[in-house]
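From first to last, the protein sequence lines are chains A and E.
Numbers 143 to 382, taken from the numbering used here, label the letters of the first sequence in order.
Numbers 273 to 529, taken from the numbering used here, label the letters of the second sequence in order.
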Amino acid sequence: MLKVHIQDKTFANGHCALRDLHLEARPGELVAIVGPSGAGKSTLLKIICGLDTQFQGQVQLPEPAQLGFMFQEPRLMPWLTVEQNLMLVNKTLTGARLTEALKRVGLGDCADLYPGQLSGGMQRRVALVRAFSVSPQLLLMDEPFQSLDAPNAEQLRAHLLELWQATRPTVLFVTHNLSEALSLADRVLFLTAGPSRVALEVPVDLPRPRSQHAPAVQAMRHDLLTRYPDLLKGNATPAA
Amino acid sequence: MSEELNRPLAVPAASWSRAWPLLALVVFWQLVAMQAHSRVLPTPIAVFSVLWSEVVTGDLLMHLGKTVTRVAISFVLAMLLGVALGILMGRSRRWDRLLDSFLVLGLNIPALVTTILCYIWFGLSETAAIVAVVLNKIPMVAINLREGARAVDSSLMEVADVYRLSRSERFFRVYLPQLYPYLFSSARNGLALIWKIVLVVELLGRSDGVGFQIGSFFHFFDITSILAYTLAFSAVIFLLEAVLLRPLENRLNRWRV
Numbered sequence: 143m144l145k146v147h148i149q150d151k152t153f154a155n156g157h158c159a160l161r162d163l164h165l166e167a168r169p170g171e172l173v174a175i176v177g178p179s180g181a182g183k184s185t186l187l188k189i190i191c192g193l194d195t196q197f198q199g200q201v202q203l204p205e206p207a208q209l210g211f212m213f214q215e216p217r218l219m220p221w222l223t224v225e226q227n228l229m230l231v232n233k234t235l236t237g238a239r240l241t242e243a244l245k246r247v248g249l250g251d252c253a254d255l256y257p258g259q260l261s262g263g264m265q266r267r268v269a270l271v272r273a274f275s276v277s278p279q280l281l282l283m284d285e286p287f288q289s290l291d292a293p294n295a296e297q298l299r300a301h302l303l304e305l306w307q308a309t310r311p312t313v314l315f316v317t318h319n320l321s322e323a324l325s326l327a328d329r330v331l332f333l334t335a336g337p338s339r340v341a342l343e344v345p346v347d348l349p350r351p352r353s354q355h356a357p358a359v360q361a362m363r364h365d366l367l368t369r370y371p372d373l374l375k376g377n378a379t380p381a382a
Numbered sequence: 273m274s275e276e277l278n279r280p281l282a283v284p285a286a287s288w289s290r291a292w293p294l295l296a297l298v299v300f301w302q303l304v305a306m307q308a309h310s311r312v313l314p315t316p317i318a319v320f321s322v323l324w325s326e327v328v329t330g331d332l333l334m335h336l337g338k339t340v341t342r343v344a345i346s347f348v349l350a351m352l353l354g355v356a357l358g359i360l361m362g363r364s365r366r367w368d369r370l371l372d373s374f375l376v377l378g379l380n381i382p383a384l385v386t387t388i389l390c391y392i393w394f395g396l397s398e399t400a401a402i403v404a405v406v407l408n409k410i411p412m413v414a415i416n417l418r419e420g421a422r423a424v425d426s427s428l429m430e431v432a433d434v435y436r437l438s439r440s441e442r443f444f445r446v447y448l449p450q451l452y453p454y455l456f457s458s459a460r461n462g463l464a465l466i467w468k469i470v471l472v473v474e475l476l477g478r479s480d481g482v483g484f485q486i487g488s489f490f491h492f493f494d495i496t497s498i499l500a501y502t503l504a505f506s507a508v509i510f511l512l513e514a515v516l517l518r519p520l521e522n523r524l525n526r527w528r529v
């Protein structure tokens, strides 16, 4: 079980990013976190993974606390090959297992290439493989498919779901794209504008796989935005 | 069959394009020297023959060996200390403020002054010679590496932290590779500078080494021998560049496509 209780996160410059933010996630649950930009979503993930310890509150990670993180940019080491990048985080990932992991995302013959030789979409697939290669109990994703074109993003979401269903880590998926959140998640949390807390929680009980453009997803999106017109601006006040 | 035999003998085009300007220089030198017919400009042929006789007697190799050893020791020490200092100053504002004036001072004090002071304070010893060279070089390495340490990409360091890499992996596979370009430019111009300083240091207070020899030749106005030693010396530098620096640089830069 992942339990996050943050009373207060204020930066040294006095900017308060998070206040009274509480969230929990069951093992194997895929939770999307949607909030306006500047709502402290990245800060929240940094606190959960332990990169940021300057806050008031508690974070309880699932056991064993093995963590994967996929950032907005692929963040591969440019001087290491794909294989070396993956082995950097997991030394046992060699030979056939490595090829197998890369094949799953359609990168079967890329082990010896450097990140600079790959397209943006391919680099993100390597980053996705890296995140899963440590067998995480908790996978944090910070708008990982944001700067991709639509077909590439769709492809990566499909790979993410495949990998997630195979090993079932808890996933926190931060995005500002409501359709993306609804197409992926078991549950969507909406954050308020800063200082952020959880404004609304919406379970998504639609069968998978669901495309972003599936009528059910779009209907749910439409319904949510009709009921809470300012939801994506961080305001969950119902329409009058 | 004949092709296979020829292959090992064939010189790659790149080597030729590096070598021919040097050959042209030697030919030009020969022509000018023949025209001038002066004691202060011996012909390359005369220089090569002195070079050869010095090689045969063993003198040149002994002195060259001494100099190369001093260069190697000073180079390694100056790089290690300079890199450590540069990283420290690039990472910590406090250390940077504390040490910055020393760096500026060290950069600007003439090599001659450091050398003479070292000899006076520590005696005309090997240690004093090495210390003088190292002190002259450290500030340049440190300034270069400080720049590199400031430019280190914190987002890649976050990856190392999130995936809990060991300290040595974090340093050698994530941190240090970001400093390679700075390390390389330091090593290149470092080696160049150290050669020059070592010769001055030898001239002032050692009784062997290329610098000492050139000093003696100067007293006898023996230009031919000075040029012969300079030539031997250049050969070593070209050798180092070709067998050490360039291959290493190519290897470390393989990922840049």
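Using N, Cα and C, we set each Cβ at its ideal position, and we do this for glycine too.
Predicted model, so just to flag it, every value in this text is computed and none were measured.
Nearest candidate by alpha-carbon position, reference residue i, set the options
| i | options | result |
| --- | --- | --- |
| N525(E) | W221(A), Q226(A), L333(A), L160(A) | W221(A) |
| L516(E) | A459(E), S287(E), P453(E) | A459(E) |
| A344(E) | V470(E), E419(E), W324(E) | V470(E) |
| S261(A) | A273(A), K245(A), N294(A) | N294(A) |
| A414(E) | H309(E), W367(E), W467(E), S479(E) | W367(E) |
| L463(E) | S289(E), A423(E), F347(E), V319(E) | F347(E) |
| V209(A) | L324(A), A273(A), L240(A) | Reading off the sequence, residue 209(A) comes out as Leu, not Val. Of the listed residues, the one whose Cα sits closest to L209(A) is A273(A). |
| A207(A) | A341(A), M219(A), I190(A) | I190(A) |
| G337(E) | N416(E), F490(E), F484(E), F493(E) | F484(E) |
| V319(E) | Y391(E), L349(E), A400(E), T502(E) | T502(E) |
| M351(E) | N461(E), I498(E), D372(E), V304(E) | N461(E) |
| P278(A) | Q288(A), H318(A), F211(A) | F211(A) |
| P204(A) | L280(A), V247(A), E171(A) | L280(A) |
| P371(A) | R363(A), E343(A), A381(A) | A381(A) |
| G374(A) | P351(A), D365(A), P286(A), L333(A) | For the record, residue 374(A) in the displayed sequence is Leu; it is not Gly. Comparing Cα positions, the closest option is L333(A). |
| L349(E) | L511(E), V406(E), Y454(E), R528(E) | V406(E) |
| L282(A) | M219(A), R369(A), L270(A), D291(A) | L270(A) |
| A308(A) | E171(A), K145(A), G156(A), N155(A) | E171(A) |
DSSP state of residue i mapped onto helix, strand, coil
| i | result |
| --- | --- |
| V346(A) | coil |
| T502(E) | helix |
| L260(A) | coil |
| E199(A) | Glu is not the amino acid found at residue 199(A); the sequence shown has Gly there. If DSSP states are grouped into helix, strand and coil, G199(A) belongs with the strands. |
| L384(E) | helix |
| H364(A) | helix |
| T379(A) | coil |
| G378(E) | helix |
| P357(A) | helix |
| R478(E) | coil |
| W433(E) | Correcting the residue identity first, residue 433(E) is Asp in this sequence and not Trp. Note: D433(E) maps to helix in three-state DSSP. |
| P371(A) | coil |
| W467(E) | helix |
| V406(E) | helix |
| R279(E) | Low confidence applies to R279(E): its pLDDT is 46, below 50, so where it sits in the model is not reliable, and the reading given next is rough at best. Note: R279(E) maps to coil in three-state DSSP. |
| D254(A) | coil |
| T241(A) | helix |
| P405(A) | What is shown of chain A runs 143 to 382, which leaves residue 405(A) out entirely. |
| G248(A) | coil |
Sequence-distant residues of its chain with Cβ nearer than 8 Å to residue i (five each side left out)
| i | result |
| --- | --- |
| L465(E) | N408, K409, M412 |
| T223(A) | A253, D254, L255, Y256 |
| V446(E) | L428, M429, V431, A432, L437 |
| M264(A) | L249, C252 |
| Q450(E) | G420, A423, V424, D425, L428 |
Strand pairing of residue i, partner residues [DSSP]
| i | result |
| --- | --- |
| S427(E) | Partner(s): none; S427(E) has no beta bridge. |
| I535(E) | Not covered by the structure: residue 535(E). The range shown for chain E is 273 to 529. |
| L144(A) | A167(A) |
Neighbourhood of residue i by C-beta distance below 6 Å, restricted to the same chain and skipping five residues each side
| i | result |
| --- | --- |
| C158(A) | T152, P337 |
| G199(A) | H147, I148, Q149 |
| G182(A) | A159, L160, G336, S338 |
Close Cβ partners of residue i (< 7 Å) along its chain, the five nearest in sequence each way excluded
| i | result |
| --- | --- |
| S275(A) | L228, V231, N232, L235, A243 |
| T387(E) | A404, V472, V473, L476 |
| V298(E) | P316 |
| D194(A) | T185, K188 |
| P169(A) | M143, P204, T312 |
| L240(A) | E225, L228, A253 |
| A504(E) | L323, L332, L336 |
Next item on the list: Could you name each continuous beta strand (DSSP E) segment of 3 residues or more that falls completely within the stretch 262-343 of chain A, going from the start of the chain to the end?
Entry: 280-284, 312-317, 329-333
Notebook entry, point to check: Taking the runs of the beta strand (DSSP E) that are 3 residues or longer, which of them lie wholly in the stretch 146-232 of chain A?
Noted result: 158-167, 172-176, 198-202, 209-212
Notebook entry, point to check: Which runs of the alpha helix (DSSP H) spanning at least 4 residues fall entirely within the stretch 300-348 of chain E, listed in chain order?
Noted result: 316-329
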